[in-house]
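Trainee: Dropping the structure in here first, questions after.
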Amino acid sequence: MALLETQALTANYGDFQALFGVDITLERGETVAIIGANGAGKTTLMRSLSGVLQNAPEQIQHKGTPVGALPADTIMKRGIAMVPEGRRLFRSLSVEENLVIGGQHKGGADFGDRLDSLIARITGAPDPALLAGGHDGQGYWTLDTIYELFPILRERRHTPGTALSGGQQQMVAIGRALMSNPDVLLCDEISLGLAPVVIKDIYAALPKIKETGASVIVVEQDIGQAMRVADRVYCMMEGRVTLSGRSSEISREAIHEAYFGAT
Ligand code: ATP
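The UniProt record's numbering numbers the first residue of the sequence shown as 1 and each following residue consecutively.
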């Protein structure tokens, strides 16, 4: 039984159909990359997997249970966490506060979609109760292990999100998702807008994350990066999977055709 899989997954925004029968599988211990041009449906797939978008129940299976219609809170409690595109931190809160909220937050895999209401509740000085509550202690990931993964975050623990570089913000976004100790980590374009040296640092964390037992899906526009990090790759175009296979076995030509379409 796969850890996570979609079966003929469809998704709509109103009358607009964005996914047309997508089948993907994530096995335990794997890293899978989803690649494809702008508008291919990658983010829609991630939003479906994280419960931000609702689908037919049986179209998504987590450990053999139909979860396609479950809301984001429930999906996160089941162990599926999302690092959303654009990072979406609480920009006025410190690194540590953002991380602590990730450990506490049982209410949504796509953190970003609830930022507004949460920000309204968390204003001004840090709430000691929030910091004291922290992570529930189950699993490997705590503030300390996140700081071991990204030592710069320990140095900047009291720095507000607004004063962080893009790479540091991305590290916080990943750390925040890990604080829920997921068995599936969904990463949506984590290298977007970052310098190559920073991208290298961010991706260097993936093997360590996998060592703790998490399996990973990355959405990535950079084909080379995807092929380097992933065991298997799915290429999407116009809401469909146009190619899939082991990274070591797919040719550049096949990827190119699946990514851009036949010319
Ligand atoms: P990108 O790399 O630009 O993020 P993507 O592969 O992630 O692209 P999606 O964001 O999933 O693609 O978009 C798939 C299709 O759905 C696109 O045609 C897009 O315009 C459309 N779409 C995405 N979000 C919405 C929305 N909220 N309402 C209507 N259409 C949407």
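Even for Gly, the Cβ is constructed at its ideal location relative to N, Cα and C.
Please list the terminal residues of the continuous alpha helix (DSSP H) segment that includes residue 170.
Mentor: As a first step, residue 170 must be located in the sequence shown, where it is residue number 170. Run containing residue 170: 166 to 178, per the alpha helix (DSSP H) assignment.
Trainee: Indicate the three-state DSSP secondary structure (helix, strand or coil) for residue 54 in the structure shown.
Mentor: Residue 54 sits at position 54 when you count from the first residue of the sequence shown. Coil, per DSSP.
Trainee: Name, in chain order, the residues that DSSP records as bridge partners for residue 35.
Mentor: Here residue 35 refers to the residue found at position 35 of the sequence shown. Per DSSP, 235.
Trainee: Does the Cβ of residue 84 have 16 or more other Cβ atoms within 10 Å, making it buried, or fewer, making it exposed?
Mentor: Counting from 1 along the sequence shown, the entry for residue 84 is found at position 84. Buried.
Trainee: Can you look up residue 79 in the DSSP assignment and give me helix, strand or coil?
Mentor: Numbered from its first residue, the sequence shown carries residue 79 at position 79. Looking at residue 79 - three-state DSSP - the assignment turns out to be coil, as it is neither helix nor strand.
Trainee: With DSSP run on the structure shown, which of helix, strand or coil describes residue 188?
Mentor: In the sequence shown, the residue the question calls residue 188 occupies position 188. Looking at residue 188 - three-state DSSP - the assignment turns out to be strand.
Trainee: Cα separation between residue 190 and residue 87?
Mentor: As a position in the sequence shown, residue 190 is number 190, starting the count at 1. As a position in the sequence shown, residue 87 is number 87, starting the count at 1. So the alpha carbons of these two residues sit roughly 8 Å apart.
Trainee: Do you know whose CA, among 243, 55, 35, 155, lies nearest residue 94's CA?
Mentor: As a first step, residue 94 must be located in the sequence shown, where it is residue number 94. Closest option to residue 94, Cα to Cα, is 155.
Trainee: Mapping the DSSP letters down to three states, classify residue 10 as helix, strand or coil.
Mentor: Within the sequence shown, residue 10 is the residue found at index 10, counting from 1. Three-state result, residue 10: strand.
Trainee: Would you kindly check if the distance between the Cβ of residue 69 and the Cβ of residue 218 is under 9 Å?
Mentor: The sequence position of residue 218 within the sequence shown is 218, counting from 1. The sequence position of residue 69 within the sequence shown is 69, counting from 1. Cβ distance not < 9 Å, so residue 218 and residue 69 don't count as in contact.
Trainee: I'd like to know whether the C-beta atoms of residue 51 and residue 22 end up nearer to each other than 9 Å.
Mentor: As a working mapping, residue 51 is identified with position 51 in the sequence shown. As a working mapping, residue 22 is identified with position 22 in the sequence shown. Not closer than 9 Å, so no.
Trainee: Per DSSP, what are the beta-bridge partners of residue 59 in this structure?
Mentor: What you label residue 59 is simply residue 59 of the sequence shown in a count that begins at 1. Residue 59 is not bridged to any residue.
Trainee: Rounded to the nearest angstrom, how far is the Cβ of residue 55 from that of residue 99, given a contact under 8 Å?
Mentor: Here residue 55 corresponds to residue number 55 of the sequence shown, with the count starting at 1. Here residue 99 corresponds to residue number 99 of the sequence shown, with the count starting at 1. The pair is not a contact, with the Cβ atoms about 30 Å apart (cut-off 8 Å).
Trainee: Look up residue 246 in the DSSP assignment and give the residues it is bridged to.
Mentor: Within the sequence shown, residue 246 is the residue found at index 246, counting from 1. Beta-bridge pairing by DSSP links residue 246 to 232.
Trainee: Starting from residue 66, follow its DSSP beta bridges and name the residues at the other end.
Mentor: For the purposes of this step, residue 66 is taken as residue 66 along the sequence shown, with counting starting at 1. For residue 66, which the question treats as bridged, DSSP gives the partners 61.
Trainee: Does DSSP classify residue 28 as helix, strand or coil?
Mentor: The residue given as residue 28 occupies position 28 in the sequence shown. Coil at residue 28, not helix or strand.
Trainee: Is residue 43 a contact residue of the ligand ATP, with contact defined as CB to any heavy atom under 8 Å?
Mentor: Position 43 of the sequence shown, counting from 1, holds the residue named residue 43. Yes, since a heavy atom of the ligand ATP falls inside the 8 Å radius drawn around the Cβ of residue 43.
Trainee: Is residue 221 near the ligand ATP, going by C-beta to nearest heavy atom under 8 Å?
Mentor: Locating residue 221 in the sequence shown gives position 221, counting from the first residue. For the ligand ATP, at least one heavy atom lies less than 8 Å from the Cβ of residue 221.
Trainee: For the beta strand (DSSP E) containing residue 19, name the first residue and the last one.
Mentor: If you number the sequence shown from 1, residue 19 lands on position 19. Element bounds for residue 19: 16 to 22.
Trainee: Would you mind working out which of 39, 184, 206 sits nearest residue 236, comparing C-alpha positions?
Mentor: Mapped onto the sequence shown, residue 236 falls at position 236. Looking at the Cα atoms, 39 is the closest of the given residues.
Trainee: In or out: residue 182 buried (at least 16 other Cβ within 10 Å) or exposed?
Mentor: Along the sequence shown, one-based indexing puts residue 182 at 182. Classification of residue 182: buried, given that the 10 Å Cβ count is 16 or more.
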